[in-house]
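Before any comments, here is the structure.
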Amino acid sequence: MQSIAPGIWQLTIGQPEEHTPTRHRAFAPSADAMSKLPTVDQAPFDLSQIKTKQTARGLLIEIPLEASDELYGLGLQLKSHRQTGKKKTLAVNSDPVADTGDSHAPVPVIMSTNGWGIFVDTLRNATFQCASNQKVSTDTAREQTDSDIAINTEDLYAQRALAQKTLVIEVPHVQGVDLMFIGGPDMVDAVKRYNLYSGGGCLPAIWGLGVWYRAFGRFTQEQVLDMAKHLRDRKMPCDVMGLEPGWQTKAYSCSYVWANERYPDPQQLIDDTKAMGYKLNLWEHAFTHPSSPIYDELKEHSGNYEVWKGLVPDFTVQKAFDIFSDYHDKNLVSKGITGFKLDECDSSDFVYSDWSFPLLSEFPSGMDGEQYHNLFGNKYMQCIDDTFRRHNLRTCSAVRNAHSLASPFAFVLYSDLYDHKDFVRGVVNMGFTGLLWTPEVRHATSPEDLVRRIQAAMLSPQALINAWYISNPPWKQIDRTLNNDGQMMDNWEELEAHCRSAFELRMQLVPYLYAAFADYQITGNPPFRALVMDWPADENTYDLDSQYMCGQDLLVAPMFAGETQREVYLPAGRWHDFYSGKVHEGEQTLTVSATLDEIPIFVKDGTLLPLAKPVQHIESDTVFELTPKCFGENCRDAKLYEDDGVSFDHQQGKFNIVTLTADGKLTREGDYGTVRYVMGDA
Ligand code: GAL
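FYI, this note's numbering numbers position 370 of the sequence shown as 1563, with every residue one higher than the one before it.
What follows is the structure, encoded as structure tokens:
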């Protein structure tokens, strides 16, 4: 076992494959930041504990666990939180309807409450038996615990205690693999270490932390502009306007050419929306239509199967990467497009046989379809991200597939699934393995459902209203079955006001969230975290899949439609109700109710929360007026991050760390010369 970075050890078993996540990594590890984490002297396991075996199926790895190990991670698992006792076969799937391991973003990384992690450096669909199965025992004295005859299915299938908890990993097809053992000492340190090894957490363009609105897919240029004006007229904060498939001449597959019949003057649209303070984001996917100007050039650098009659470019081939990036640069980014929605790169050939390339596809790089499925999202993000970097610009974009080592990408995952609880579970789970996810809002079944969904989206990485299939904002046309020619609900203003209040809460929190993302970049600490990550010794946190930490100090517990109250577990310490200020002692489960305008939020005692006066949108020179709110008697100073919000100049030291004290003083340290935060009058 070899130490490859501070606190990370690599074990090479057999002959690893040529194509792996680390070989195709986009970013170098943040070595300096890693050396600032607590020192770990020893790998979490030693060689003698790890059993490996080559079988006809592939490579088998067995790692003994402690009885107290509880496992989390494996990417964006929407159907379950704690992975102990589960068997997951990781596979990219756009329609992950069951708790099998299929995911938009399967990541072969697992984290334990005992403060270690394992990263399996493979692009194969590996299976993880997370203490799910018991091998035939050699222990004859094993207690007979299973003697009762079950008379209901719960008892029948209930998890029986295992004599030995083992993590069994099977990597198919391979003759070898690299395993990275990630030290803690605490669970959150292992997570930080993994994120820093990936290159650090992303720092999105600051406008990406505002509200997003994706307009109806059949809109024309004029209708998009009308919607942009409407949101401004109605004082609904919004930073990003997203265009859906209709902007292109061909969308399934894609031409990347403006459809002039709907968008006669795209530059005008870019300029008009920019003048109103919007950033324009374009939907696309990478399957390239024969009519696309890049089709011919891309052909020889693409896979041997079509998707929607389009090419699948092999982004690991530099030429394909450059053709795609150059075209986007010249025709879209240079013209003022600030981000993209990279759809369908998780496309599934399991659900709709022709919606993706099969696992047996062959790519010019030598990868097969299974490997390329796992890498596709990462490489696609890298291609687009690089295009912005040429202009020294950060983006904040969207993507539907990611894999390991993805934390430096400011791309947020999303899904066509729509179960609200699963969506919130995604926010809870994404942080274990360097992902960002949005519980986006589309239609709703009732005004209450809409408001509850919007509140959760506002307290997530991307505050997204994805109205791609409804022509009105959902607060005017809540139900997707209302006709799309403009039929609206009566009294929509009332519902709009509830949504506005959620949008404004988001805008109040932008400086706080930006600081949390800066922390993600500098220390690897995820901006949204499951409670178990911060309280791994507290068993009460192990199954909390509908409440999460947002930044260091806020505990968020979304409400769901139809529920007038919910349970919230408060871990050790003292907590303050965000709205009433009421104090609650920790280590107890509260039953809380919340009016429609409130999403339960609890603030750690001693927090100085830097609330901003809500702005309608964020420019790079926006100055936030702060009214700090102190929760408790002696509030800790709050730290904010100040830079231009859009470029990579902060990597050359052009940023300030701003300290805000409880008596309302702001002091700054650093090399950024412009002020972004001032004290408000209130
Ligand atoms: C889906 C995507 C939706 C929307 C739609 C447009 O694949 O998940 O959010 O963009 O395509 O056709």
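All C-beta atoms in this analysis are idealised placements derived from N, C-alpha and C, irrespective of residue type, glycine included.
The straight-line gap separating the alpha-carbon atoms of Leu1789 and Glu1780 is approximately 27 Å. Contact annotation: the region 1543–1562 does not touch the region 1572–1585, with fewer than three C-beta pairs closer than 8 Å.
Between Leu1269 and the set Ser1608, Ile1811, Gln1670, the nearest pair of CA atoms involves Ser1608. Phe1824 carries a strand assignment under DSSP once its states are collapsed to helix, strand and coil. In terms of side-chain proximity, the C-beta atom of Glu1363 is found no nearer than 6 Å to any non-hydrogen atom of the ligand GAL. A contact is defined here as three or more CB-CB pairs under 8 Å, and the region 1726–1740 fails this definition with respect to the region 1693–1705. In this structure, the CA atom of Trp1768 is about 9 Å from the CA atom of Gly1825. Within the region 1265–1296, the complete beta strand (DSSP E) runs of at least 3 residues fall at 1280–1282.
Setting aside the 5 residues that flank it on each side, Leu1240 is surrounded in the same chain by Met1194, Leu1204, each with a C-beta closer than 8 Å to its C-beta; the list follows chain order. Rounded to whole angstroms, the separation of the alpha carbons of Ile1530 and Gly1200 is 40 Å.
For Asp1727, the enclosing alpha helix (DSSP H) covers residues 1724–1727. Take Ala1452, set aside five residues on each side of it, and the residues of its chain with a beta-carbon closer than 7 Å to its own are Gly1439, Trp1440, Gln1441, Thr1442, in chain order. The count of Cβ pairs closer than 8 Å, one atom from the region 1614–1628 and one from the region 1578–1594, stays below three, leaving the stretches out of contact.
Taking 6 Å as the cut-off, the C-beta of Trp1661 counts as close to a heavy atom of the ligand GAL. Between Arg1587 and Val1302, the C-beta spacing is not below 7 Å.
Under the three-state reduction of DSSP output, Asn1665 falls in the coil class, being neither helix nor strand.
Counted as a single uninterrupted DSSP element, the beta strand (DSSP E) harbouring Met1742 occupies residues 1741–1743. Looking at the DSSP output, Ala1595 sits in no beta bridge, so it has no partner there.
Here Ser1546 is exposed. Its C-beta has fewer than 16 other C-beta atoms within 10 Å.
Just so you know, the alpha carbons of Asp1798 and Gly1766 end up roughly 7 Å apart. Taking C-beta atoms under 8 Å as the contact rule, Ile1375 and Phe1321 fail to qualify, at a distance of about 15 Å.
For Glu1493, the Cβ stays outside the 6 Å cut-off from all heavy atoms of the ligand GAL. In the three-state reduction of the DSSP assignment, Gly1496 falls in the coil class. Annotated as proximal: Leu1316 and Leu1568, with beta-carbon spacing under 7 Å. Thr1245 has its alpha-carbon roughly 44 Å from the corresponding atom of Glu1760.
No Cβ-Cβ contact shorter than 7 Å links Leu1396 with Phe1721. In this structure, Val1617 sits near Pro1751, with a CB-CB distance shorter than 7 Å.
Every unbroken stretch of the alpha helix (DSSP H) spanning 4 or more residues and falling wholly within the region 1408–1448 is given here in chain order: 1414–1426. With a cutoff of 7 Å on beta-carbon distance, Gly1369 and Gln1208 are scored as near each other. Taking the Cβ of Glu1437 as the reference point, at least one heavy atom of the ligand GAL falls within a distance shorter than 6 Å.
Within the model, the alpha-carbon separation for Met1651 versus Ser1541 is close to 29 Å. Taking the Cα of Gln1844 as reference, the smallest distance to any Cα among Leu1628, Gly1393, Glu1732 is reached at Gly1393. Where Tyr1870 is concerned, the enclosing beta strand (DSSP E) starts and stops at 1870–1872. With a cutoff of 6 Å, Trp1476 counts as near the ligand GAL, since its C-beta is closer than that to a heavy atom of the ligand. When the beta-carbon positions are compared, Ser1495 and Pro1506 come within less than 7 Å of each other.
Pro1803 is a Cβ neighbour of Ala1831, given a cutoff of 7 Å.
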